[in-house]
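Q:
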Amino acid sequence: MSDYSHREIEKKWQDFWEEQGTFHVTNQSELPKFYVLDMFPYPSGAGLHVGHPLGYIASDIYSRYKRLKGFNVLHPMGFDSFGLPAEQYAIQTGQHPAVTTEQNIARYTEQLKNLGLSYDWKREVRTSDPAYYKWTQWIFGELFNSWYNNDTDKAERIETLTEKFRQNGNAGVNAPHDEDTPSFTAEEWNAWTEEEQYKLTLKYRLTYVADATVNWCPGLGSVLSNDEVKDGVSERGGFPVIQKLMRQWMMRITAYSQRLLDGLDTVDWTDSLKEQQRNWIGRSVGALVKFKIEGHQENIEVFTTRVDTIYGVTFMVLAPEHELVDVITTSEQRGDIDSYIAMTQKKSERDRMSDVKTVSGAFTGAYAINPFDGAKIPVYIADYVLAGYGTGAVMAVPSGDQRDWNFAKHFDLPIIPILDAQKDFETQADATKEGKYINSGMINGLTFHEANKVLIGFLEEKGIGKGKINYRLRDAVFSRQRYWGEPVPVYYKNDSTGEALPYLLDLNELPLNLPEVDKYLPTESGEPPLGRAQGWGHGSGNGYELSTMPGWAGSSWYWYRYMDPKNAEEFASKDAIDYWRNVDLYIGGTEHATGHLLYSRFWNKFMKDRGYVPEEEPFKKLINQGMIQGRSSFVYRVKSEDFSKPVFVSAGLKEGYEVSALHVDVNIVENDVLDVEKFKASRPDIAGENATFILEDGKYVCGVEVEKMSKSKFNVVNPDDIVERYGADTLRLYEMFLGPLDQAKPWNTNGIDGTYRFIRKMWRLFYNDAGQWMVKDVAPKPEELKTLHKTIKKIEEDIENFSFNTAVSAFMVCVNELSAAKCQSKEILQDLVILLASYAPHVSEELWAALGNEKGTVSKAAFPKWNPTFLLDAMFEYPVQINGKVRISIPFPTDTPAAEIEVEVLANETVQKWMEGKPLKKVVVVPKRIVNVVT
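Note that my numbering gives residue 943 to position 696 of the sequence shown, counting from 1, and the numbers run on in steps of one.
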């Protein structure tokens, strides 16, 4: 093909890859393995916009590169296909969610294939496929049949727990369990019926049923995750969400809190991502303290990391959902308490946690007693305390906490200054004499650590508390009152007292398929949609669980299914798992930091405990790609009382008018110039035929702003349109060229022309303007060898460092230099094609075949090796000095401009680390000597 026709070339090679199974991979190979994975996409009806492929293109470049480097690469794709949007569409239209999901997957698959992504499509999985969720249900069952042994620090089969009970009762059992678990002896256990014993084990299992405060959305008839709630309403549909205590399935992820923390030290993730997980898990060392309640038998138990501040406690706060609120509230305060609880129910947990400005609460009428000095302390409720965090109660020290101080000021409560035992006592001596601090009982004059040791000893001696390590992480709610999710493989059978107990389905009864229902709404009596299924039960009138699993269930183990996706006998064979082991490179968004990634790590550790997988951590290296933001365009409508004849003024002229800025579809704007006729046709609601446009130089110029890419802002760019006009190779290169992979960057369609011209310029190294083949078997010139080998070195280093944007720059420099040298050497140009193949695979395949490799594919070639001989005098190793100390050396071609050196030095990960986030003052590049960075 003598002319570069991207449509013809890309269709040709995509068909070739599919027909030849080019990227199909086996589970055994003499080559070293490498597993590259993209985070599971949910197939929405809107399809992909140009922001979505960023991570997919990056993972594909790396996958293709590793193949060229001699690795057996697993690079699969599938779909997280259960979800609320499909269910909402089903409710509105009556169409089964499976139909909508299938259509959306077909659309996604077409778009992904059009980008030339090298997935092994034979391994595609879908979480909504019964053949897949059979094994999600099986994992649930394994969790149900397990407990966590703190002594061995791992999960074990429930039979090992019942054997302990048989021999010694539960006195010596060190395990997480329900709070209401009774103590019993071996004799008592052995005297119980099988049913009674089974009922007791439910309090220890890793998945269990309990009352939990959840985000309940009456409009959707379902529990929502925190991510699905925004400003007190559902993100989907905008329905009000309240806090409600409901019977739910739970996952005992808290048993793994310390291991989830420890594992972060073993993986190659960004520090910011690790810190998010550490903060979410929230390890605190402190003490549990019991406060008696005046006139009641019950105690209020609080966890505090600062026992030394207990002398400054002037009030206590309970979560509105705390079980003691109803018990201790006096009749005089009942109305205020009930009103406040009703108001709190309208807030999501996330809103309550993030709202640091609002001060609100209500007095219960009850008083607690400080166990150290006997002071009476009023007990309030407030929404900034959450039932599921710690004990759901806090001892408020307004002199030491801003939120407590605000609360005390609002309710005119005392604020007692206390000696801060965390500081050195001597430094506060003068302040104490001046009366700014009070003496703090038995800890006066002690350091922080000494004070806590003394006070915890006192608590334990008096039986009113104990030292404790606490975690902020809570057990995960595992129920959703929806239709479109995995059925929980459980049926209920009444015991001798009439209580319905959950029983697990056997493996040979799985999958438990979703039944047909007449509507995708809750029943008239308020049961979840599965309650509508006729005759759906486990025989003898034993009903199945009517809630379904949450969206994160299927995505918490999917990387293993890719290893062996067609296996009907087990979730994946031992041979496949032992070969692939875990994911070497995982790419996805930061929004999954505290949801999917925590649950995945939890399930992976559990599977390791039970001997099903060999690795403790599922994802060795994790990269969060940045967001591609939209470049919004605006028109400016002149404000008027009569909009029947609207007037729009061009951006450069708007200063003389009072205007309203309105978003306009970026797809009818080119180089910031509006296609006025298309605008009038597309927006008759605000423009239409009666609209007048005040132009500048005969054009209507739009205003511009960088925003999140979304349909509501009319700034969504469809990748299909870009591929049609410029080709997938151009899109792939341009998305990488926009900036560092992990940083946000704005999309600008205007800039894509440069990348398109680059590909055509490279094509001209092989074919001239007349379409004649230019490549010859001639010896390369020295300057051509220098250009090629510095490019090989640069591309290899950049890909290994995931610096894809600087690699694109290197390609452009290389092609410019080879064009200037009028290079025709096959030896040079063939290696250039291999280098480019990871980034622009279609044009590379076409040129590879034209070079005489007609029966092969460039995907099977070997990545070229750079020869330092050809780089003599062509490279200089620049020492990089940061604030006076050399921290790294970076090689650059000797003719690299200072401005380019400065950009690459500042983008270097090591340089950024030593800059410590401080603002840059200056960079000095001394050619062929040194680079100085000053912050």
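The beta-carbon is built from N, C-alpha and C at its ideal position, and this holds for glycine as well.
For the 8 Å Cβ check, are there 3 or more pairs between the stretch 1073-1091 and the stretch 995-1012?
A: Touching, yes.
Q: Going by CA-CA distance only, name the one from H271, A345, I304 and P332 that's closest to L321.
A: Closest by alpha carbon: H271.
Q: Does the stretch 854-865 come within contact of the stretch 888-905, defined as at least 3 CB pairs closer than 8 Å?
A: Taking 8 Å as the limit for Cβ pairs, the verdict is that the stretch 888-905 does not touch the stretch 854-865.
Q: Can you find the residues in the same chain that come closer than 8 Å, C-beta to C-beta, to Q876, ignoring five residues on each side of it along the sequence?
A: Within the same chain, Q876 has close Cβ partners G298, V953, E954, K955, M956, A991, K992, P993 and W994.
Q: Tell me the residue span of the alpha helix (DSSP H) that contains L284.
A: Where L284 is concerned, there is no enclosing alpha helix (DSSP H), although the beta strand (DSSP E) it sits in stretches over K280 to D285.
Q: Since I304 and M983 should fall inside the 8 Å C-beta cutoff, what is the C-beta to C-beta distance between them, to a whole number of angstroms?
A: Contact holds; Cβ gap of about 7 Å.
Q: According to DSSP, which residues form a beta bridge with Q495?
A: Note: Q495 sits in a beta bridge opposite A457.
Q: Rounded C-beta distance between L394 and R452? I'm assuming under 8 Å.
A: In the sequence as displayed, the identity of residue 394 is Trp instead of Leu. Rounded, the Cβ-Cβ distance is 6 Å, consistent with contact.
Q: With DSSP run on the structure shown, which of helix, strand or coil describes R370?
A: If DSSP states are grouped into helix, strand and coil, R370 belongs with the helices.
Q: Determine the DSSP secondary structure at D648, reduced to helix, strand or coil.
A: In this structure, D648 counts as coil in the three-state DSSP scheme.
Q: Going by other Cβ atoms of all chains shown within 10 Å of its Cβ, with 16 needed for buried, is I584 buried or exposed?
A: The residue in question, I584, is buried, as its Cβ has 16 or more Cβ neighbours within 10 Å.
Q: Three or more beta-carbon pairs under 8 Å between the stretch 276-292 and the stretch 1049-1069, yes or no?
A: The answer is no - the stretch 1049-1069 does not touch the stretch 276-292, with fewer than three Cβ pairs under 8 Å.
Q: How is K1169 classed by DSSP in three states: helix, strand or coil?
A: Three-state DSSP puts K1169 in a strand.
Q: Ends of the beta strand (DSSP E) at V1090?
A: Careful: V1090 lies outside any beta strand (DSSP E), inside the alpha helix (DSSP H) at P1088 to A1097.
Q: Whole angstroms is fine: what's the gap from T795's alpha carbon to P429's?
A: For T795 and P429, the distance between alpha carbons rounds to 30 Å.
Q: Please list the terminal residues of the continuous alpha helix (DSSP H) segment that includes D989.
A: That residue, D989, is in no alpha helix (DSSP H); it is neither H nor E in DSSP.
Q: Would you mind reading off the limits of the beta strand (DSSP E) that contains G712?
A: Residues G712 to Y718.
Q: Under the three-state reduction of DSSP, which class applies to S880: helix, strand or coil?
A: It is a strand residue.
Q: Between D889, V882 and A934, which has its C-alpha nearest V951's C-alpha?
A: Minimum Cα distance to V951 is reached at V882.
Q: Which residue from E255, F695 and Y355 puts its Cα closest to that of P290?
A: Closest by alpha carbon: Y355.
Q: Just to confirm the assignment, what range does the alpha helix (DSSP H) spanning M983 have?
A: From DSSP, the alpha helix (DSSP H) with M983 extends over A975 to F984.
Q: Pick out whichever of R314, G974 and P567 has its Cα sitting closest to the Cα of I999.
A: Here the closest residue by C-alpha is G974.
Q: Measuring CB to CB, does V536 end up less than 9 Å from I711?
A: In this structure, I711 lies closer than 9 Å to V536 by Cβ.
Q: Can you name the residues that DSSP bridges to Y739?
A: Answer is P749.
Q: I'd like to know if the stretch 795-805 and the stretch 732-739 are in contact, where contact means that at least 3 CB-CB pairs between them fall below 8 Å.
A: Verdict: yes, contact present.
Q: List the endpoints of the continuous alpha helix (DSSP H) containing K852.
A: Its alpha helix (DSSP H) spans residues H843 to D856.
Q: From this set, W527, P377 and F895, which residue's C-alpha is nearest L921's C-alpha?
A: Residue F895 is the option with its Cα nearest to L921.
Q: Compare the C-alpha of E545 against each of V572, F818 and T1053 and name the closest.
A: Residue V572 is the option with its Cα nearest to E545.
Q: Between K683 and the rest of its own chain, which residues show a CB-CB distance below 7 Å, the 5 nearest in sequence each way excluded?
A: With a pLDDT of only 35 at K683, under the threshold of 50, the placement of this residue in the model should not be trusted; the figure read from the coordinates follows. Closer than 7 Å at Cβ, skipping near neighbours: P664.
Q: Leaving aside the five residues before and after A634 along the sequence, list all residues of the same chain whose C-beta is less than 7 Å from its C-beta, in chain order.
A: Only T460, A566, E568 and H569 meet the Cβ criterion.
Q: Could you have a look at F329 and say whether DSSP puts it in helix, strand or coil?
A: DSSP places F329 in coil when its eight states are reduced to three.
Q: Return helix, strand or coil for C949, following the three-state DSSP convention.
A: C949: coil per DSSP, three-state reduction.
Q: Is it a yes or a no for the stretch 809-816 touching the stretch 742-758, going by three-plus beta-carbon pairs under 8 Å?
A: Touching, no.
Q: Anyone know if the C-beta pair for E943 and G899 falls short of 9 Å?
A: For E943 and G899, yes; Cβs fall inside 9 Å.
Q: CB-CB under 8 Å to K927, same chain, minus the five flanking residues each way: which ones, in chain order?
A: If we look at K927 and ignore the five residues flanking it on each side, its Cβ neighbours are A934, G935, E936 and A938.
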